[in-house]
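Protein chains in written order, with the working numbering: chain A, 34 to 521; chain B, 309 to 964.
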């Protein structure tokens, strides 16, 4: 009967304190929204903001702690700390952006914020889980919340369609992931990442166990779906376009961050002895993801769709670092993701601010001339576009620089060359936005819908992040290095 | 006190920011703008003096070893580190004194001269920026920061030559100066790169400490490259062509930038790198020969010009040639000495020319002047002092410095008789054209139009006081360096000695044995350096006086003679008058061929090859994009199929 004896210690709680804080606040919001009158639900968003801040504080208290909890299921270490901090930052920015957006679009009910917080809990579990089951659980908590969030604009058919597509395909991909986990368990006898690593290191598994290899392959498919790697990416543009824009930003950054957190941990922590095998497949995935993402983005006329393909391409760049697999590469993944958070959420926020209720204004033609009507907003957009395109002195440039130099250092010259060529192609569609903003006459009068101070704050934070990481990147890179030191 | 050296360049920087940003924005009163600019310079000058005296208090050997004042790290990358730091030693403080002092007086003068110009604020902003950059150049403790100043003064020179950019000539002159300087800067940069490549550092102290480890070939290459830079900035053959055109700028600018300070930075740079040059005799010879040739060549072009500012411009080139001759024969402190005295008297000459223009309603052609000395007495007297100084008449500053150069050109280990001869001839020419300028402009009958005549007047005190101060300096400036042979102590030389080392002494060497028979046949008891020095001094003074006499004969006494001579030697006259057609030759050889090459590359290569292939790639990509997006059907089934196919491929790939 030992199995059912669960002992929860203080350490256990401390390790998951941020998750607990988020969950607690989410439940409180749920309660409040049930009792608050509809017109007074505005404060729910601020409560969510408070929850994120509380989680940040509790994370901050845990600085330097390195411990496992719940019988070695979750772990707080520099890597999970970095990702948790990043996820909370994403969450903070998204809630800030949502304050105005949700009101404008009439999605001000409590579930919206509750689901964001729950999704964040799932993401953080993915980042801190050191057991395949916990990672899977985290992924599902996150995914189910996001399915609902994508369809939360119930009157909008595109939103509903997006949610439904995402849900169907997500369930499909989760099955792959789960099956992969099962196969790995079958061949190693454990779900614990460190345990898998030990078993693999002790014995010579190379090509000896098709079951294990198939498990790894299916795991790759499962993660590949969440990270929108080609050819598992096809849901992305439809879902990104249909979902509420704030949720699109959340998906593009938060889901990817959590996905890469788990991806990095599983592959570099549990499966490093198979590195020779999986780097080849990652190489192919990286090239396909970068190239397909960028090339299709060229012919998009909708900004949200364009950013969807762009996010596919960026996942491809991150995979380049993944393939490189050296110290600079892995820390480059972390650096890249953080840079991507700032520039992507920033860009989506500008997209949100340029829309109105019922009128999203996401066609590129809608951006004509805003450089003159909204100079500051256009300037911010220009910064984000330059960063996404990888122009110095922005975070995007430094991120690409680290990623590609990691590839060169690891002797993947062709990969670096393909990556650089891809960046050149990508410059076209990012700079096209600038051309529309500054060199085209507006087709009609544009008025800003919900100009919320909170969203402006989010933009300011994003601009700061993009420039800070672009001009003085060394502190961020040092942090990323420190976070992955124990993997090497 | 010495630690406060960073304040010296800071004041003009603040002045620049104030006038450039706030002044323009608030549309401040001219008095405010002018006082801010002048106060900034005054404070700079004051701090230069204070630091000079603190340095003087130190024992001589400690003066060159004052630790650099490092403000902060500038570039740190791997093993490479460069700082923003200032160097205080006798050499840099002399330069700082000359620059801030002369700049201060020229700023004051400018307040009067530019008073009615609509671009008053812009002018002072640029002028302050220039002084900031110039002080950065002379106080920098590493090559990279020096290069920042070097480029900065180049930029200001460009901006100020083209100050009246609405007219074509100044705009083009500015462009020309910029482009020609670019050639020189390229050499300078290569020199810095070479230093970095071989020594791994660009700090002066480190470079000079490590320099002895370099082999002669490398040092020669480095120093020649640095000299290319110096030749560009200091208008030496063959890169001098921009300086005469630079006279299109406002006259105080010509005085400050194109006579007193910026153009001498090449000399300063070589003096700063004297350790490197001392290791490269070939480079020394090149510097000396180019300097001597420029001195003579530019002087010859000055003989026939009628535009007073152009005469002064050629004279500046020629005098810069003297300075290069000095540093080229290893007489570094003599070069710096002449740099200083030249800053005084040539700055004064330009300011005097400005004052004449002021009186003559902007006229520059000396043929339309004459006889105005009574109407502009202060201008005339100060101009006379400066002319005597540049002609090398004993008692005036130019005599001491020029004579020291000529003596060193002859007697130093790197010197040669011919260098002295060229220098002496050029000195004679200098005396001639300067007195020609003086006679034609101020004396004789007045040839101005009646309208202009009516308005001839002396400049206001704000302009004449700087003239008088500089005139005073042009006289006494030389007394800090009275040669030993005239019973002086040569304090200037002593002060610089800790940095520049002892100048090569007049020892017995090849040149003596070569020349002895010549003089010996004259019966003079030569052979001892002392007598030789006195003799050469006498000769050069005599040459100068002959030059003055010829000028007097031609332009006061027999004024019809020049015309006759011009007709008799028409070919030579035309060639020299047209400045040897060098501008035209450059136009054909470099400018036009470069333009043609550019057009070719643009039309054939850029449009034809690069653009076309880029467009091709772009079209291909767009096509590919439109094809690939068709995969995106919108059907969930096909998406799921994609996932399955991907999974199958991955499994096959991993298992095989």
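All C-beta atoms in this analysis are idealised placements derived from N, C-alpha and C, irrespective of residue type, glycine included.
So which of the options has the shortest CA-CA distance to residue i?
i: residue 569 of chain B; options: B/745, B/435 and B/904; result: B/435
i: residue 864 of chain B; options: B/912, B/556 and B/679; result: B/679
i: residue 210 of chain A; options: A/184, A/260 and A/191; result: A/260
i: residue 213 of chain A; options: A/181, A/236 and A/169; result: A/169
i: residue 413 of chain A; options: A/244, A/176 and A/381; result: A/381
i: residue 428 of chain A; options: A/390, A/508, A/408 and A/396; result: A/508
i: residue 383 of chain A; options: A/322, A/190, A/58 and A/489; result: A/489
i: residue 775 of chain B; options: B/807, B/655 and B/315; result: B/655
i: residue 709 of chain B; options: B/508, B/325, B/787 and B/408; result: B/787
i: residue 374 of chain A; options: A/121, A/45 and A/83; result: A/121
i: residue 454 of chain A; options: A/492, A/444, A/433 and A/469; result: A/433
i: residue 619 of chain B; options: B/740, B/686 and B/727; result: B/740
i: residue 242 of chain A; options: A/520, A/343, A/219 and A/467; result: A/219
Using a Cβ-Cβ cut-off of 9 Å, state whether residue i counts as contacting chain B.
i: residue 243 of chain A; result: yes
i: residue 409 of chain A; result: no
i: residue 472 of chain A; result: no
i: residue 308 of chain A; result: no
i: residue 378 of chain A; result: no
Report the rounded CA-to-CA distance for residue i versus residue j, giving the unit in angstroms.
i: residue 164 of chain A; j: residue 501 of chain A; result: 35 Å
i: residue 1023 of chain B; j: residue 479 of chain B; result: It is not possible to answer for residue 1023 of chain B, since the shown part of chain B is limited to 309 through 964.
i: residue 753 of chain B; j: residue 417 of chain B; result: 29 Å
i: residue 50 of chain A; j: residue 108 of chain A; result: 12 Å
i: residue 330 of chain B; j: residue 430 of chain B; result: 11 Å
i: residue 134 of chain A; j: residue 385 of chain A; result: 7 Å
i: residue 95 of chain A; j: residue 43 of chain A; result: 12 Å
i: residue 585 of chain B; j: residue 647 of chain B; result: 19 Å
i: residue 691 of chain B; j: residue 855 of chain B; result: 18 Å
i: residue 72 of chain A; j: residue 142 of chain A; result: 10 Å
i: residue 136 of chain A; j: residue 319 of chain A; result: 39 Å
i: residue 484 of chain A; j: residue 471 of chain B; result: 46 Å
i: residue 527 of chain B; j: residue 574 of chain B; result: 18 Å
i: residue 422 of chain B; j: residue 325 of chain B; result: 20 Å
Please classify residue i: does DSSP put it in a helix, a strand, or coil?
i: residue 721 of chain B; result: coil
i: residue 392 of chain A; result: strand
i: residue 941 of chain B; result: coil
i: residue 557 of chain B; result: coil
i: residue 324 of chain A; result: helix
i: residue 700 of chain B; result: coil
i: residue 615 of chain B; result: strand
i: residue 335 of chain A; result: strand
i: residue 271 of chain A; result: helix
i: residue 798 of chain B; result: coil
i: residue 225 of chain A; result: strand
Would residue i count as contacting chain A if we go by Cβ distances under 9 Å?
i: residue 921 of chain B; result: no
i: residue 958 of chain B; result: yes
i: residue 924 of chain B; result: no
i: residue 929 of chain B; result: yes
i: residue 380 of chain B; result: no
i: residue 963 of chain B; result: yes
i: residue 939 of chain B; result: yes
i: residue 955 of chain B; result: yes
State the beta-bridge partners of residue i as determined by DSSP.
i: residue 526 of chain A; result: Given a span of 34 to 521 for chain A in the structure shown, any question on residue 526 of chain A remains unanswerable.
i: residue 108 of chain A; result: A/101
i: residue 393 of chain B; result: B/378
i: residue 385 of chain B; result: B/388
i: residue 348 of chain B; result: DSSP, once it has assigned bridges, lists no residue as partnering residue 348 of chain B.
Just to check, is the beta-carbon of residue i closer than 8 Å to a non-hydrogen atom of the ligand SAM?
i: residue 184 of chain A; result: As for the ligand SAM, it is missing from this structure, which has no ligand bound.
Starting from residue i, find everything on chain D with Cβ-Cβ shorter than 7 Å and list it in chain order.
i: residue 948 of chain B; result: As a matter of chain content, chain D is missing from the structure shown, whose protein chains are A and B.
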